[in-house]
Amino acid sequence: MSKETKAKSIIEPKVLKGFRDFLPSMEIPKKAISNKLETHFSSYGFVPIDTPVLEYTEVLLGKGGGETDKQIFHFNDNGGRDVALRFDLTVPFARFLAQHQQELALPFKRFHINKVWRGENPQKGRYREFTQCDFDIVGVDNAEADYEILSMMDSSFSVMGIDNYEFHIAHRGLFNAFLSHLGLLEESVEILRTVDKLRKIGEEEVLSQLQDITGDLQKAKAVLSYISKEDEQEGFLATLDRLSLLAGGETEHTNRMKTIYSYLCSAGIESHFTFDPSITRGLDYYTGIVYETFLTEIPHFGSVCSGGRYNDLASLYTKQQLPGVGSSIGLDRLLAALEELKSPIVSSASSSDVAIFNSDASLFATYDKVAREMRQQGLRVDVYLQNKKQTAQYKWAEMNAIPFAVLFTEDDLQSDTLTLKNLINRETYSSISIKEAIAYIKKDIH
RNA sequence: GUGGAAGUAGUUCAAUGGUAGAGCACCAGAUUGUGGAUCUGGCUGUUGCGGGUUCGAGCCCCGUCUUCCACCCCA
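Using the numbering used here, the letters of the first sequence correspond one by one to residues 79 to 524.
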């Protein structure tokens, strides 16, 4: 083949807008985080499930359609079926519940970590293909279930090694009670949408938009006062009381929130939660508590974990009552955020714990023997497979963020010892046994 | 989907419409000898892609793709 024709036959390697490849430096931390979460969810008795990425469009869109219509990837398959890529993991879950309710014991607690697709315009931390990490409790409508989801959200962030985060909580039912009290229930969808922008466009703009919607300055002011805290220091219960008053008195929703808060206090995690009445959530299937999660240093990144209670979602597919509450971590957005924060979770992604350097190809059996013993002890060990010069091997280890290297001096070979090098601080441990080396490494990486 | 900005070597950035360059990185060798030093030499681009204007386009015009930003919405 001539050079020219060869050049012409090459297809340009490219991926679609909003879709991405994951290099090891991102896939390693992503896998590490999702593994940690899976273990963590299991410790609460949650079980894994999976559903098809492709569903009938009518199943995913339900009756409503609306905004999701524009964002969903849908097409006709080769058999002419109207199909769509799942847009989130919650709607397919509702379908799954309706279809398998006989085979499931309620309450049912599941987690589901997988990709979803939305045809939105991408931005930083916002993609057309991204991984969601959902966890839900179905079959219980009480404060205990709501609390357990919040509690697990909180501990999940600890497990992921993230410190600075805050959960913003509100209640759809309470807000609707308030709107109903004002006689604004009809406009609730528009109002919710406007209210949601408070953080972004400020009070003045929100007020003016509310006035446009309600046609009544007094009512607009009432809504604004509902969603604005009197001051930053206003506590969870103070906010709750104020809102209850505005909504025309205590309701079951108020009591539910009080109970949930008391559990958060008992667990000693209440400081991570604030009552933020401006949180409403765009998805209209929420009926009770709703929440979003912000990383303290970069709130503009948007929510990295959101959800709420949806008591009627399964009613699209079954007549049985299946109340649910759940939450979803946006793994890709979270990862993008951690990268922005230069978190060690992302920057320290290493392919293995220790590299065994190759200074003499004929010693491969020795290298392999040490590697096998170290692997037996749970270490990730990478033997350098060719005898290249030291610099090359050091560079390679550095590229892969491997923290330790094992080398063998003449003395080591005589006395059955080895030389361990910490590649980060460059400390050298000479003439030590394999056992000692393993101990050093384990101590450092844990 | 709508509007705006950007796209030059692996990377960070240059280049009045007139032969596309520099630092870092990378590769080879020397020196050193269980790494970040030093020296010598070397490679690198169809200027995102496709058209157009022009004697001549990285630069101007049109289209397109991607990224980023805003709207919308959301993880």
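From the three backbone atoms N, C-alpha and C, an ideal C-beta is built for every residue, glycine too.
The model shown is predicted, which means the values in this text are computed figures rather than measured ones.
Check                                                                                                                  : Outcome
Residue 256 CB to nearest heavy atom of the ligand ZN below 7 Å                                                        : This structure simply doesn't include the ligand ZN, nor any ligand for that matter.
CA nearest to the CA of residue 369, picked from 401, 297, 497, 245                                                    : 245
Cβ distance (whole Å) where residue 202 is taken to contact residue 413 below 8 Å                                      : At roughly 12 Å, the Cβ-Cβ gap does not stay under 8 Å, so residue 202 and residue 413 are not in contact.
Residues near residue 235 in its chain [Cβ-Cβ closer than 6 Å; skip 5 each side]                                       : 243
Of the listed residues 227, 311, 362, 318, nearest to residue 355 (C-alpha basis)                                      : 318
Simplified DSSP state of residue 90, which is helix, strand or coil                                                    : coil
For residue 416, the nearest candidate out of 364, 117, 103 (CA to CA)                                                 : 103
Same chain, Cβ closer than 6 Å to residue 445, neighbours up to 5 away in sequence not counted                         : 434, 461
Rounded straight-line distance, which links the Cα of residue 384 to that of residue 115                               : 16 Å
Outcome for residue 477 when other beta-carbon atoms lying within 10 angstroms are tallied against a minimum of 16     : exposed
Beta-carbon proximity of residue 364 to residue 380, cut-off 8 Å                                                       : no
Spatial neighbours of residue 305 in its chain, beta-carbon cut-off 7 Å, leaving aside the 5 residues before and after : 273, 276, 355, 356
With 16 other Cβ atoms within 10 Å as the buried cut-off, status of residue 156                                        : exposed
Per DSSP, cross-strand counterpart(s) of residue 434                                                                   : 461, 484
Endpoints, alpha helix (DSSP H) assigned at residue 342                                                                : 330 to 345
Inter-residue CB distance, residue 124 and residue 213 (contact presumed, cutoff 8 Å)                                  : 6 Å
The region 398 to 409 contacting the region 213 to 229, beta-carbon criterion three pairs below 8 Å                    : yes
Span of the alpha helix (DSSP H) around residue 118                                                                    : 102 to 120
In DSSP terms, what residue 209 is bridged to                                                                          : 193
Buried/exposed call for residue 438, threshold 16 Cβ in 10 Å                                                           : exposed
Beta-carbon proximity check, residue 423 vs residue 481, cutoff 8 Å                                                    : no
Cutoff 6 Å; reference residue 208; Cβ partners in own chain excluding five residues on either side                     : 410
Extent of the continuous beta strand (DSSP E) to which residue 376 belongs                                             : From DSSP, residue 376 is part of no beta strand (DSSP E); its letter is neither H nor E.
First through last residue of the beta strand (DSSP E) which encompasses residue 161                                   : 160 to 163
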